[in-house]
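Engineer:
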Amino acid sequence: MKLIEILTYIDFKTRSQSFSNLSNEEILSVIDDYYNNELTVSGIKLKYSVNFKGNSIRNELPKLNFGDECRFCKTRLYVLLPTKTDYQNLLKKNNLVSILETKSKCVECGHLESDSCTCFNCTVEKRNKIFESYNQSVAIESMNFNLLERLQIATIMQGFNLSVENPDILSNEEFYHKSRGNQLLFFSNSYPKEEIKKLRDIGVVHVSPRSPIDAFLTDSDIKREEKYQGNKFPEVFYTNKVRYSFQFNDIDWFEELKFLNNVKVDEIEIIRVWKYIAENELLKLFKEHFESYHFEYKSSFSNESSLEQENLIRTVIKNLLAKYPPSKVYHILYKGIDKAVQHKKKYGITNFRDNHIQFVIFYGINSWLKYNENNISDFDFPWFSTKSLITKLFVDRILQDSNWFYTLIPVPKIEIIENDFLEYFKSLSNENRDSLLKRLYEINRLIEYLS
Numbered sequence: 013m014k015l016i017e018i019l020t021y022i023d024f025k026t027r028s029q030s031f032s033n034l035s036n037e038e039i040l041s042v043i044d045d046y047y048n049n050e051l052t053v054s055g056i057k058l059k060y061s062v063n064f065k066g067n068s069i070r071n072e073l074p075k076l077n078f079g080d081e082c083r084f085c086k087t088r089l090y091v092l093l094p095t096k097t098d099y100q101n102l103l104k105k106n107n108l109v110s111i112l113e114t115k116s117k118c119v120e121c122g123h124l125e126s127d128s129c130t131c132f133n134c135t136v137e138k139r140n141k142i143f144e145s146y147n148q149s150v151a152i153e154s155m156n157f158n159l160l161e162r163l164q165i166a167t168i169m170q171g172f173n174l175s176v177e178n179p180d181i182l183s184n185e186e187f188y189h190k191s192r193g194n195q196l197l198f199f200s201n202s203y204p205k206e207e208i209k210k211l212r213d214i215g216v217v218h219v220s221p222r223s224p225i226d227a228f229l230t231d232s233d234i235k236r237e238e239k240y241q242g243n244k245f246p247e248v249f250y251t252n253k254v255r256y257s258f259q260f261n262d263i264d265w266f267e268e269l270k271f272l273n274n275v276k277v278d279e280i281e282i283i284r285v286w287k288y289i290a291e292n293e294l295l296k297l298f299k300e301h302f303e304s305y306h307f308e309y310k311s312s313f314s315n316e317s318s319l320e321q322e323n324l325i326r327t328v329i330k331n332l333l334a335k336y337p338p339s340k341v342y343h344i345l346y347k348g349i350d351k352a353v354q355h356k357k358k359y360g361i362t363n364f365r366d367n368h369i370q371f372v373i374f375y376g377i378n379s380w381l382k383y384n385e386n387n388i389s390d391f392d393f394p395w396f397s398t399k400s401l402i403t404k405l406f407v408d409r410i411l412q413d414s415n416w417f418y419t420l421i422p423v424p425k426i427e428i429i430e431n432d433f434l435e436y437f438k439s440l441s442n443e444n445r446d447s448l449l450k451r452l453y454e455i456n457r458l459i460e461y462l463s
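For the sequence shown, this note's numbering assigns the number 13 to the initial residue and increments by one for each residue that follows.
#1: Buried or exposed: where does Leu229 fall if 16 or more other Cβ atoms within 10 Å of its Cβ makes it buried?
#2: If you draw a straight line from the C-alpha of Tyr418 to the C-alpha of Leu411, how long is it?
#3: Would a C-beta distance cut-off of 8 Å place Ile208 and Val216 closer than the cut-off?
#4: Among Arg70, Ser32, Tyr60 and Leu15, which one has its Cα closest to the Cα of Asp44?
#5: Look at Leu40 and Leu19 and say whether their C-beta atoms are less than 8 Å apart.
#6: Round the Cβ separation of Tyr288 and Leu196 to the nearest angstrom and send it over; I've been treating them as touching at under 8 Å.
#7: Give the single residue among Asn71, Tyr46 and Arg70 whose Cα lies nearest to the Cα of Lys59.
#8: On the DSSP letters alone, give me the boundaries of the beta strand (DSSP E) that Gly79 sits inside.
#9: By Cβ distance below 6 Å, which residues in the same chain neighbour Gly171 in space, the five residues on each side in sequence not counted?
#10: Cβ of Asp231 within 8 Å of Cβ of Phe245?
#11: Going by other Cβ atoms of all chains shown within 10 Å of its Cβ, with 16 needed for buried, is Glu454 buried or exposed?
#12: Is Asp180 near Ser220, with beta carbons less than 8 Å apart?
#13: Given this structure, state the Cα-to-Cα distance separating Ile282 from Met169, to the nearest angstrom.
#14: Within the same chain, show all residues whose beta-carbon is closer than 8 Å to that of Ala227, passing over the 5 residues directly before and after it, in chain order.
#15: Between the C-alpha atoms of Leu452 and Trp416, what's the straight-line distance to the nearest angstrom?
#16: Do Phe437 and Val372 have their C-beta atoms closer together than 8 Å?
#17: In whole angstroms, what separates the C-alpha of Arg162 from that of Leu324?
#18: Using 8 Å for Cβ pairs, my map puts Gln164 next to Lys210. What's the rounded Cβ distance?
#19: Since Leu124 sits in a beta bridge, which residues does DSSP pair it with?
#20: How many Å lie between His189 and Ser200 at the Cα?
#21: How far does the beta strand (DSSP E) with Tyr90 in it extend, from its first residue to its last?
#22: Considering only DSSP beta bridges, list what Tyr256 is partnered with.
#23: DSSP three-state call for Asp23: helix, strand or coil?
#24: What is the C-beta distance between Asn71 and Val53, in whole angstroms, given that I count them as a contact (C-beta under 8 Å)?
#25: What residues match up with Val150 in a beta bridge as DSSP calls it?
#26: Excluding the 5 residues flanking Thr26 on each side, which residues of the same chain have their C-beta closer than 6 Å to its C-beta?
#27: With DSSP as the reference, please indicate the residues paired to Phe249 in a beta bridge.
#28: Quick one: is Ser54 near chain D, going by C-beta distance under 8 Å?
#29: By alpha-carbon positions, which one of Ser397, Leu345 and Phe396 ends up nearest to Gly376?
#30: Can you give me the C-alpha to C-alpha distance between Arg445 and Val423, rounded to a whole angstrom?
#31: Measure the alpha-carbon distance for His368 versus Val328 and round it to whole angstroms.
#32: Are Asn261 and Val109 close, meaning C-beta to C-beta below 8 Å?
#33: Report back the beta-carbon spacing between Cys85 and Cys131 to the nearest angstrom; my notes put them in contact at under 8 Å.
#34: Pick helix, strand or coil for Met169, following the three-state DSSP scheme.
#35: Please report the straight-line C-alpha distance between Phe157 and Val176, rounded to a whole angstrom.
#36: So, using beta-carbon positions, are Thr95 and Val119 closer together than 8 Å?
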């Protein structure tokens, strides 16, 4: 396509006052001189005796009219002629026809016929679509939460200062752009995406209809992604930009969940969560002391992930908690790291340069424990380390024991019974084992019948 064909779409009525004295033919000559004969703007002014401010001749020349109109205010849409640079580039690529695909903003409302348009009308339209798709409330009374889920819900509600009027959890992106002080929700400063994902999986939180519009992929974005074919705006979203929301069909549930009211738990659940809290708080304390000596979870010499490394020390902590209270486990971890540092200074770390965690466990924790099992003391929770909000809620509202850190986590009675039974069962002959199992089966059948 040639420029002369493009110019058949010229609407001469849209010329500026500066060109009002020129005929249509003269205006076409101006355009030809400017684009094809490389006449400068100053040369145009001199040759055609026209005068306008600056060098932006495109705003003075008549515009292209492709017959489009704004779908909101019905105003005719006009397209400026291309810049001289764009024109030359299109000419080299033999792609002048792309000018016919140019979109223009409406001069009245600012609308641009594109799914990335942010004019007022498009913003309202997109917001309505998001609201229609995601405005849903949860029938919370039909759910049965365990203790850990109740604590996770309360931690997020309190940590993000949510209310009935403001039920939205900040998005991952917003979280890192807002000051949060020293408050820890779940044992680290990071966004609680795993906990939020879990709550989403059980259906207690949903995508918020008040999420930013740019959190959702446009139809154009969706078309470029094969895995999203068949979807449309706003069905696909960016997980780091979208907000999640607690929206219940009964607002009384909001206060109950936020402040852990009417929590019904049994011994097994409390002990299970106690172990979870102690394990993760100790892991956090280990990391702080471990990293203060420039040890690394992920070494450049190793193919193991930081998660695999973390699981090594988690296992050590779990095993220690079965024998010692958290305060003594903290003492062991602290002294173990110090012992590893001494060994490193004396002998180096060459054989363990790809696994600092194993080095600390082998030459630190295990080595120190071997010679100091009778010298283990209670270490206080350090003043410089912040307890996680979920820990505070568990200790204050559920456990109600300020000495939890110095107390050996008890073994549930059911586990004691199971262990005693296992030892007794092992002591029986095969014949007596068969007889006992048969009797237990009959008792179970009787219980099922009576119930």
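Quick reminder that beta carbons are idealized off the backbone N, C-alpha and C, glycines included.
Structural biologist: Let's see:
#1: Along the sequence shown, read from residue 1 onward, the residue named residue 229 stands at position 217. By the 10 Å Cβ count, Leu229 comes out buried.
#2: Translated into positions along the sequence shown, residue 418 becomes position 406. Translated into positions along the sequence shown, residue 411 becomes position 399. Rounded to the nearest angstrom, the two C-alpha atoms are 13 Å apart.
#3: One-based indexing of the sequence shown puts residue 208 at position 196. One-based indexing of the sequence shown puts residue 216 at position 204. Not a contact, by the Cβ cut-off of 8 Å.
#4: Taking the first residue of the sequence shown as position 1, residue 44 is located at position 32. Residue Leu15 is the option with its Cα nearest to Asp44.
#5: Taking the first residue of the sequence shown as 1, we reach residue 40 at position 28. Taking the first residue of the sequence shown as 1, we reach residue 19 at position 7. It is a contact, given that the beta carbons lie within the stated cut-off.
#6: Translated into positions along the sequence shown, residue 288 becomes position 276. Translated into positions along the sequence shown, residue 196 becomes position 184. Contact flag wrong, Cβ pair sits at about 15 Å.
#7: Residue mapping note: residue 59 aligns to position 47 of the sequence shown, counting from 1. Of the candidates Asn71, Tyr46 and Arg70, the one whose C-alpha sits nearest the C-alpha of Lys59 is Tyr46.
#8: Reading the sequence shown from its first residue, position 67 is the one you call residue 79. From DSSP, the beta strand (DSSP E) with Gly79 extends over Lys75 to Glu81.
#9: Here residue 171 corresponds to residue number 159 of the sequence shown, with the count starting at 1. Residues Leu197 and Leu401 of the same chain have their beta carbon placed closer than 6 Å to that of Gly171, with the five preceding and five following residues left out of the count.
#10: Within the sequence shown, the letter at position 219 stands for residue 231. Within the sequence shown, the letter at position 233 stands for residue 245. Yes, the pair counts as a contact, with Cβ atoms nearer than the cut-off.
#11: To locate residue 454, count along the sequence shown from 1; it is residue 442. With fewer than 16 other Cβ atoms within 10 Å, it is exposed.
#12: Mapped onto the sequence shown, residue 180 falls at position 168. Mapped onto the sequence shown, residue 220 falls at position 208. Yes; because the gap between Cβ atoms is below 8 Å, this pair is in contact.
#13: Taking the sequence shown and counting its residues from 1, one reaches residue 282 at position 270. Taking the sequence shown and counting its residues from 1, one reaches residue 169 at position 157. Near 21 Å, if we compare the C-alpha coordinates of Met169 and Ile282.
#14: Mapped onto the sequence shown, residue 227 falls at position 215. Counting only Cβ-Cβ distances below 8 Å, and skipping sequence neighbours, we find Ser183, Phe249, Tyr250, Lys253, Val254 and Arg255.
#15: One-based indexing of the sequence shown puts residue 452 at position 440. One-based indexing of the sequence shown puts residue 416 at position 404. About 38 Å.
#16: If you number the sequence shown from 1, residue 437 lands on position 425. If you number the sequence shown from 1, residue 372 lands on position 360. With a cutoff of 8 Å on beta-carbon distance, Phe437 and Val372 are scored as not near each other.
#17: Within the sequence shown, residue 162 is the residue found at index 150, counting from 1. Within the sequence shown, residue 324 is the residue found at index 312, counting from 1. Roughly 29 Å separates the two Cα atoms.
#18: Here residue 164 refers to the residue found at position 152 of the sequence shown. Here residue 210 refers to the residue found at position 198 of the sequence shown. About 7 Å; that satisfies the 8 Å criterion.
#19: Here residue 124 corresponds to residue number 112 of the sequence shown, with the count starting at 1. Leu124 pairs with Lys117.
#20: Along the sequence shown, read from residue 1 onward, the residue named residue 189 stands at position 177. Along the sequence shown, read from residue 1 onward, the residue named residue 200 stands at position 188. The alpha-carbon atoms of His189 and Ser200 are separated by roughly 17 Å.
#21: Residue numbering aside, residue 90 sits at position 78 when the sequence shown is read from its first letter. Counting along the chain, the beta strand (DSSP E) containing Tyr90 begins and ends at Arg88 to Val91.
#22: Along the sequence shown, read from residue 1 onward, the residue named residue 256 stands at position 244. Answer is Ile181 and Val219, bridged to Tyr256.
#23: Numbered from 1 along the sequence shown, position 11 holds the residue referred to as residue 23. Here Asp23 sits in strand by DSSP.
#24: Here residue 71 is taken as the residue at index 59 of the sequence shown, counted from 1. Here residue 53 is taken as the residue at index 41 of the sequence shown, counted from 1. Between Asn71 and Val53 a beta carbon distance of about 12 Å is seen, past the 8 Å cut, so the two are scored as non-contacting.
#25: Working through the sequence shown from its first residue, we reach residue 150 at position 138. According to DSSP, Val150 bridges with Phe260.
#26: In the sequence shown, residue 26 corresponds to position 14, counting from 1. Taken in chain order, the residues that qualify are Pro74, Lys75 and Tyr90.
#27: Mapped onto the sequence shown, residue 249 falls at position 237. Paired residues: Phe228.
#28: This model lacks chain D altogether, as it is built from one protein chain only.
#29: Along the sequence shown, read from residue 1 onward, the residue named residue 376 stands at position 364. Among Ser397, Leu345 and Phe396, the Cα nearest to that of Gly376 is on Leu345.
#30: For the purposes of this step, residue 445 is taken as residue 433 along the sequence shown, with counting starting at 1. For the purposes of this step, residue 423 is taken as residue 411 along the sequence shown, with counting starting at 1. So the alpha carbons of these two residues sit roughly 26 Å apart.
#31: Reading the sequence shown from its first residue, position 356 is the one you call residue 368. Reading the sequence shown from its first residue, position 316 is the one you call residue 328. Whole-angstrom Cα-Cα distance: 15 Å.
#32: Residue numbering aside, residue 261 sits at position 249 when the sequence shown is read from its first letter. Residue numbering aside, residue 109 sits at position 97 when the sequence shown is read from its first letter. No.
#33: If you number the sequence shown from 1, residue 85 lands on position 73. If you number the sequence shown from 1, residue 131 lands on position 119. With 8 Å as the limit, Cys85 and Cys131 do not qualify as a contact, their Cβ atoms being about 10 Å apart.
#34: Within the sequence shown, the letter at position 157 stands for residue 169. Note: Met169 maps to helix in three-state DSSP.
#35: If you number the sequence shown from 1, residue 157 lands on position 145. If you number the sequence shown from 1, residue 176 lands on position 164. Their Cα atoms are separated by approximately 20 Å.
#36: Translated into the one-based positions of the sequence shown, residue 95 becomes position 83. Translated into the one-based positions of the sequence shown, residue 119 becomes position 107. Going by beta carbons, Thr95 and Val119 fall outside the 8 Å limit.
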